[in-house]
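J.: Residue numbers (full-length UniProt numbering): 1 to 312.
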Amino acid sequence: MTQANQDTDPTALLGTYLLQGWVMTDEICSVGECSVPLMRSKDKSLKFCVAHDTLPTKGPYVTYTKPSATPTPQRSIQPSSTPTASPSAAAPTAADWKQDPGFMDRRQRASELLGQKMLAQWALLNDVCPNDACSAPLVRHPVEKYLHCVVCERDYDLEEGQLRPRPLTAAPQSLAKSHTTAQEDMATSASQTEPPNTRASLHQPPVKLHGDDTSLPTSAELEQLVHSPMTSPATDRRQKRHKTLATAAGSTSVAAASANVVTAIAVSTDRLCQKLLALTEQLETCEDLHDCQLLCQSIEACSNAIAACRKV
Numbered sequence: 001m002t003q004a005n006q007d008t009d010p011t012a013l014l015g016t017y018l019l020q021g022w023v024m025t026d027e028i029c030s031v032g033e034c035s036v037p038l039m040r041s042k043d044k045s046l047k048f049c050v051a052h053d054t055l056p057t058k059g060p061y062v063t064y065t066k067p068s069a070t071p072t073p074q075r076s077i078q079p080s081s082t083p084t085a086s087p088s089a090a091a092p093t094a095a096d097w098k099q100d101p102g103f104m105d106r107r108q109r110a111s112e113l114l115g116q117k118m119l120a121q122w123a124l125l126n127d128v129c130p131n132d133a134c135s136a137p138l139v140r141h142p143v144e145k146y147l148h149c150v151v152c153e154r155d156y157d158l159e160e161g162q163l164r165p166r167p168l169t170a171a172p173q174s175l176a177k178s179h180t181t182a183q184e185d186m187a188t189s190a191s192q193t194e195p196p197n198t199r200a201s202l203h204q205p206p207v208k209l210h211g212d213d214t215s216l217p218t219s220a221e222l223e224q225l226v227h228s229p230m231t232s233p234a235t236d237r238r239q240k241r242h243k244t245l246a247t248a249a250g251s252t253s254v255a256a257a258s259a260n261v262v263t264a265i266a267v268s269t270d271r272l273c274q275k276l277l278a279l280t281e282q283l284e285t286c287e288d289l290h291d292c293q294l295l296c297q298s299i300e301a302c303s304n305a306i307a308a309c310r311k312v
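Written out as structure tokens, the structure is:
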């Protein structure tokens, strides 16, 4: 179906007026063989056929003067008590919508926006926008329950059956709240990701400079001011004490070992001397030449061993 047919098709016009908040009745148009159902306003003050009658330009909540009871082939929505409007100001008919190229685009855009809101859990209401130039159905916010027009992009509050524009003071407050929340989240994440060395360095006392003295602190001062963030001064003192005890124990062990070596050398020297005396006595009483040679070799070896022990 082309756009021209949509502008004059009664079914399409019925859908348009239903979206605007008009009510479809169970009455059928009485003109000829027309079978289009009549539409009416909210207060039942106006009924019209989208195929034959002049189409209304105001919303369905406007009170219209009832037309004359005399049946006529062509219904008129102009009130009988008001003067007839000039031809230039006459209400648009179905053929006039064809002359407006942006009407179908606006209707399509409104349908898309309504669909998006309904997918976002907004509720489509029976109320329409109070703007006479709009008359689009209103949708209700799923949480805050305020009303919204997708065409005018305006918010309304329903108070005692009346639509009142919603104040815009809530938006800056929500923005300020979200900004504050974002700052708190950033501060929390920064404190959680801060390295332990940085937190420990914040508690270290600063190096004080007396007067104009800009010299660097001595090693003793640095040892007092700076310590490892993973240990405490008490732990450092315990470690130093353990090292001192270990060094002393090592020295004692070396001294004991040295004493043992000296004692062993002395014992060996005494035994070698006794052996040397015994060999000398045997040599004095020996008569065999071969045995004398062996005794002399043993005496020489024993003498060399005694000399080596005394050098140590």
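Just so you know, even glycine gets a beta-carbon here, dropped at the ideal spot from N, CA and C. Just so we're clear, the structure is a prediction, and the values are computed from it rather than from any experiment.
Cβ atoms of T63 and K47: under 8 Å apart, would you say?
T.: Locating residue 47 in the sequence shown gives position 47, counting from the first residue. Locating residue 63 in the sequence shown gives position 63, counting from the first residue. No, the pair does not count as a contact, with Cβ atoms beyond the cut-off.
J.: Between V36, E284, V50 and S45, which lies nearest to Y17 when the distance is taken from Cα to Cα?
T.: By 1-based counting over the sequence shown, the position of residue 17 is 17. That would be V50, whose Cα lies nearest to the Cα of Y17.
J.: At 3 residues or longer, and completely inside the stretch 104 to 147: list those beta strand (DSSP E) runs for me, N to C.
T.: Correct list: 123 to 128 and 137 to 140.
J.: If you reduce the DSSP assignment to three classes, tell me which class S298 lands in.
T.: Reading the sequence shown from its first residue, position 298 is the one you call residue 298. Helix, per DSSP.
J.: For L163, report the span of its beta strand (DSSP E) as first-last.
T.: What you label residue 163 is simply residue 163 of the sequence shown in a count that begins at 1. Element bounds for L163: Q162 to P165.
J.: Quick check: what's the CA-CA separation for R154 versus H148?
T.: Position 154 of the sequence shown, counted from the first residue, corresponds to residue 154. Position 148 of the sequence shown, counted from the first residue, corresponds to residue 148. C-alpha separation (whole angstroms): 6 Å.
J.: Quick check on the DSSP output: the alpha helix (DSSP H) that includes P37 runs from which residue to which?
T.: Within the sequence shown, numbered from 1, the residue matching residue 37 stands at position 37. P37 -> not in any alpha helix (DSSP H); beta strand (DSSP E) instead, spanning P37 to R40.
J.: Look at the alpha carbon of Q121 and the alpha carbon of P60, and state the distance between them as a whole number of angstroms.
T.: Along the sequence shown, one-based indexing puts residue 121 at 121. Along the sequence shown, one-based indexing puts residue 60 at 60. Cα to Cα, the separation comes out at about 26 Å.
J.: Using CA coordinates, which residue listed in N131, P137 and L158 is at the minimum distance from E144?
T.: Stepping through the sequence shown from its first residue, residue 144 is reached at position 144. Of the candidates N131, P137 and L158, the one whose C-alpha sits nearest the C-alpha of E144 is L158.
J.: Could you please give the first and the last residue of the uninterrupted beta strand (DSSP E) stretch that includes Y156?
T.: As a first step, residue 156 must be located in the sequence shown, where it is residue number 156. Taken as a continuous stretch (DSSP letters only), the beta strand (DSSP E) holding Y156 covers R154 to E159.
J.: Sorted by chain position, which residues of the same chain lie with C-beta nearer than 8 Å to C273's C-beta, five sequence neighbours on each side aside?
T.: To locate residue 273, count along the sequence shown from 1; it is residue 273. Result list for C273: I306, in chain order.
J.: List the endpoints of the continuous beta strand (DSSP E) containing L54.
T.: For the purposes of this step, residue 54 is taken as the residue at position 54 of the sequence shown. The amino acid at residue 54 is misidentified as Leu; the sequence shows Thr. Per DSSP, T54 belongs to no beta strand (DSSP E) and is neither H nor E.
J.: Judging by CA-CA distance, which residue of T280, S35 and K240 is the nearest neighbour of A301?
T.: Position 301 of the sequence shown holds residue 301. Considering only alpha carbons, the answer is T280.
J.: Who are the near neighbours of R40 in its chain, counting only those whose CB is closer than 6 Å to its CB and skipping five residues on each side?
T.: Your numbering for residue 40 matches position 40 in the sequence shown. V23, T25 and K47.
J.: With H, G and I counted as helix, E and B as strand and the rest as coil, what does DSSP make of T25?
T.: Translated into positions along the sequence shown, residue 25 becomes position 25. Correct three-state label for T25: strand.
J.: Using a 10 Å radius around the Cβ and a threshold of 16 neighbouring Cβ atoms, would you call Q20 buried or exposed?
T.: Residue numbering aside, residue 20 sits at position 20 when the sequence shown is read from its first letter. Answer is buried; the Cβ neighbour count reaches 16.
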